[in-house]
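Written below as structure tokens is the structure these notes are about.
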Amino acid sequence: MEKTKEKKYSNYTKGLLRIVRSLKKITFIFSTSILIIIIGSWIYFYYTYDGNLLFYVSNQSITDSVDICVELDGEIIIDSTFSNSNYHKKEFYSFSVYPGAHYVVIKSKNNKTILINEFNAFFINWIVVDFYDHNHAKKYENIESPFFALRYCLLPPAFQ
Numbered sequence: 493m494e495k496t497k498e499k500k501y502s503n504y505t506k507g508l509l510r511i512v513r514s515l516k517k518i519t520f521i522f523s524t525s526i527l528i529i530i531i532g533s534w535i536y537f538y539y540t541y542d543g544n545l546l547f548y549v550s551n552q553s554i555t556d557s558v559d560i561c562v563e564l565d566g567e568i569i570i571d572s573t574f575s576n577s578n579y580h581k582k583e584f585y586s587f588s589v590y591p592g593a594h595y596v597v598i599k600s601k602n603n604k605t606i607l608i609n610e611f612n613a614f615f616i617n618w619i620v621v622d623f624y625d626h627n628h629a630k631k632y633e634n635i636e637s638p639f640f641a642l643r644y645c646l647l648p649p650a651f652q
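Residue numbers (this note's numbering): 493 to 652.
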């Protein structure tokens with residue numbers, strides 16, 4: 493019967509190995525905790541908002557009301573007139589979609605403005621759609637007026 497050879501380390505090396513093992517444990521616990529918090533927040537938002545695709549739509553123009561139509565994968569999901577009576581007021585909409593690639597088409601009927609964009613839905617997605625009139629377009633180069641601004645967020649937007 494063979495005797496197993498034990499590795500002999502100095503006290504200094506043994507101390508370093510203990511520290512490395514402790515750091516591995518701490519890193520594992522920390523990473524697992526962060527993962528649990530992220531998944532828990534997604535579950536919380538899904539059940540709180542009754543969906544995994546959350547839209548905020550607003551009319552940022554100063555003078556005009558605008559008819560905004562939002563299509564998701566060819567199906568109209570939002571079709572409403574947004575006035576400017578409450579400047580910067582954002583309307584909230586919630587939908588449940590399957591994970592994967594989707595495309596969104598945003599149209600303004602009375603201003604003949606259109607924006608087409610593709611995105612991947614994974615867990616909870618916030619989409620912010622803002623309509624800007626010709627007064628805002630003057631501030632930017634190479635932007636036709638009026639126009640839509642579209643933002644995707646994996647966390648709730650700051651204005652919420």
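In this text, a Cβ means the ideal position worked out from N, Cα and C, and glycines have one as well.
Local Cβ density within 10 Å of residue 613, reported as buried at 16 or more and exposed below that: The residue you call residue 613 lines up with position 121 of the sequence shown. The residue in question, residue 613, is buried, as its Cβ has 16 or more Cβ neighbours within 10 Å.
Residue 544 versus residue 504: straight-line alpha-carbon distance, rounded: As a first step, residue 544 is located in the sequence shown; it is residue number 52 there, counting from the start. As a first step, residue 504 is located in the sequence shown; it is residue number 12 there, counting from the start. Here the C-alpha atom of residue 544 lies approximately 53 Å from the C-alpha atom of residue 504.
First and last residue of the uninterrupted beta strand (DSSP E) at residue 550: Against the sequence shown, residue 550 aligns to sequence position 58. It spans 545 to 551 - the beta strand (DSSP E) in which residue 550 sits, taken as one unbroken run.
Residue environment, residue 616, which counts as buried when at least 16 other CB atoms sit within 10 Å: Mapped onto the sequence shown, residue 616 falls at position 124. Buried, by the Cβ-count rule.
Nearest-angstrom Cβ-Cβ length linking residue 608 and residue 644, presumed shorter than 8 Å: Position 116 of the sequence shown, counted from the first residue, corresponds to residue 608. Position 152 of the sequence shown, counted from the first residue, corresponds to residue 644. About 14 Å separates the Cβ atoms of residue 608 and residue 644, ruling out a contact at the 8 Å cut-off.
Candidates 513, 583 and 554: closest to residue 547 by CA position: By 1-based counting over the sequence shown, the position of residue 547 is 55. That would be 583, whose Cα lies nearest to the Cα of residue 547.
Euclidean distance between Cα positions of residue 507 and residue 593: Your numbering for residue 507 matches position 15 in the sequence shown. Your numbering for residue 593 matches position 101 in the sequence shown. Residue 507 and residue 593: Cα-Cα distance of roughly 51 Å.
Continuous beta strand (DSSP E) stretch holding residue 569: start and end: By one-based count along the sequence shown, residue 569 stands at place 77. Element bounds for residue 569: 567 to 574.
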